[in-house]
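In the working numbering, the protein residues as written are 139 to 445.
Right under this line is the structure:
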C-alpha cells in the first residue's frame with residue numbers, strides 16, 4: 139500500500155464527494171507525507187488542493203510507514219510538488235536515500251532551511267557535506283541540520299559542517315542544554331533546536347547527540363564544570379520519561395522495554411497483569427480492559443486475553 143501511495147497518488151479513484159470542513163485545509167501543511175497521500179486518495183477537494191497548491195508540500199516529513207521503502211525516485215517525485223521552494227526536508231530513518239538522490243533534490247530546492255536526515259544510513263558524511271555546501275552558497279543560511287545516525291562522521295567533518303552552518307547571531311550559539319526526554323519528543327515545527335544535533339561525545343569521542351542531565355545533583359556539578367554524566371545515550375543510561383541519568387539505582391524496565399528511573403516507574407500507571415508501566419511516548423500501546431479503568435500491555439494481552 140505504501141509503495142502505491144508514493145508511486146501514483148494522483149490516479150487513485152476518489153471515494154468521497156462531500157466538501158470537508160474548511161479547518162481541514164488549514165492543517166494540510168502540518169501533516170506528514172503519508173497522511174497527505176492518503177487524504178489525496180479519499181477526498182476530491184483535498185486532492186485538488188494538493189494538486190494545485192504548493193503550500194502543503196513546503197515542509198516535507200517522511201516517516202513511518204513510508205520510510206523503509208522510500209528511495210531516490212520517490213524523493214525526486216514527491217519533492218517536485220514544492221516547485222523548487224521546499225523549506226523543510228525531514229527524512230526520518232530513510233535508509234534507501236543516497237548521496238546522489240539527496241543532492242539532486244537540494245540542487246532543485248536551494249531554499250531549504252531545515253535538513254533532517256537521522257539514521258539515513260546510505261548517506262555518507264561527504265555526501266552530507268556536499269549537500270550543505272549547496273544549501274549554504276550565496277549566503278543562504280541552513281538553520282537546522284540533524285544527522286544523528288550517519289555512519290563514520292568524524293571530528294573533521296563535523297568542524298566543516300559547523301563552519302558552513304554556524305551563525306554567531308543565532309541564539310543557539312549561546313549553548314543551551316539538551317535533555318534526552320525533550321529530544322525524543324520530536325517535532326518538525328519546533329524552532330528551538332541547535333544548528334547541528336550531533337557533537338563529539340566527551341566519553342566515547344564519537345559524533346553523536348550529547349545530552350545533559352536534569353537531575354538536581356548533576357545541575358550543581360555542571361555549575362562546577364564537572365560533567366561526569368554528560369554524554370551520548372550509548373555512554374550514559376537515561377530515563378526515557380524524565381531524561382535523568384540512572385547511576386545510583388538499578389534501571390527499571392517499562393512494558394515497552396524502555397528504561398525508567400525508579401521515581402518515574404512508581405508514578406506511571408501499570409499493566410494489570412505484569413505491573414509494568416508504559417513511558418509517555420508509547421502510552422498509545424495500552425490495551426483497555428472491559429469494565430475496568432486499568433489496562434494491559436501488548437504482551438500480556440497476547441498471552442492471557444487473546445489466547
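Every residue gets a Cβ at the ideal spot worked out from N, C-alpha and C, and that includes glycine.
Here's a check: name, in chain order, each residue in its chain whose Cβ is nearer than 6 Å to the Cβ of residue i, leaving out the five neighbours to either side.
i, result
"residue 337", "348"
"residue 322", "none"
"residue 201", "170 and 230"
"residue 335", "284, 286 and 347"
"residue 316", "349 and 350"
"residue 192", "220 and 221"
"residue 269", "240, 241 and 244"
"residue 265", "237"
Quick one, are the C-beta atoms of residue i and residue j less than 7 Å apart?
i, j, result
"residue 259", "residue 233", "yes"
"residue 319", "residue 380", "yes"
"residue 198", "residue 174", "no"
"residue 240", "residue 256", "no"
"residue 166", "residue 203", "no"
"residue 423", "residue 443", "no"
"residue 440", "residue 414", "no"
"residue 391", "residue 400", "no"
"residue 243", "residue 213", "yes"
"residue 247", "residue 224", "yes"
Could you work out which residue in the options is closest to residue i when comparing CA atoms only?
i, options, result
"residue 84", "186, 272 and 286", "The question about residue 84 has no answer here: the residues shown for the chain are numbered 139 through 445."
"residue 431", "407, 418 and 420", "407"
"residue 301", "289, 416, 267 and 375", "267"
"residue 251", "196, 182 and 186", "196"
"residue 277", "176, 304 and 205", "304"
"residue 183", "168, 163 and 172", "163"
Since residue i and residue j should fall inside the 8 Å C-beta cutoff, what is the C-beta to C-beta distance between them, to a whole number of angstroms?
i, j, result
"residue 237", "residue 273", "Not really, about 14 Å apart at Cβ, beyond 8 Å."
"residue 353", "residue 402", "With 8 Å as the limit, residue 353 and residue 402 do not qualify as a contact, their Cβ atoms being about 12 Å apart."
"residue 395", "residue 389", "Wrong, their Cβ atoms sit about 11 Å apart, outside the cutoff."
"residue 356", "residue 367", "5 Å"
"residue 296", "residue 253", "Going by Cβ atoms, the distance from residue 296 to residue 253 rounds to 15 Å, so no, they are not a contact pair."
Note down, in chain order, each residue of its chain lying with its Cβ closer than 8 Å to the Cβ of residue i, except the 5 sequence neighbours on either side.
i, result
"residue 97", "Residue 97 lies beyond the range of the chain shown here (139 to 445); nothing can be said about it."
"residue 429", "none"
Give every residue of the same chain whose Cβ lies closer than 7 Å to the Cβ of residue i, excluding the five residues on either side of it in the sequence, and list them in chain order.
i, result
"residue 434", "409, 410, 411, 425, 427 and 443"
"residue 438", "409, 411 and 412"
"residue 271", "302"
"residue 289", "259"
"residue 177", "184"
Within the region 323-408, ranges of the alpha helix (DSSP H) (whole runs, at least 4 residues): The qualifying runs are 354-361 and 400-405.
Any alpha helix (DSSP H) of 4 or more consecutive residues that is wholly inside the region 154-188: Taken in chain order, the unbroken stretches of alpha helix (DSSP H) that lie wholly in the region 154-188 and span 4 residues or more are 161-165 and 171-180.
Which runs of the alpha helix (DSSP H) spanning at least 4 residues fall entirely within the region 231-310, listed in chain order? Runs of the alpha helix (DSSP H) lying entirely within the region 231-310 and spanning at least 4 residues, in chain order: 237-246, 263-274 and 293-303.
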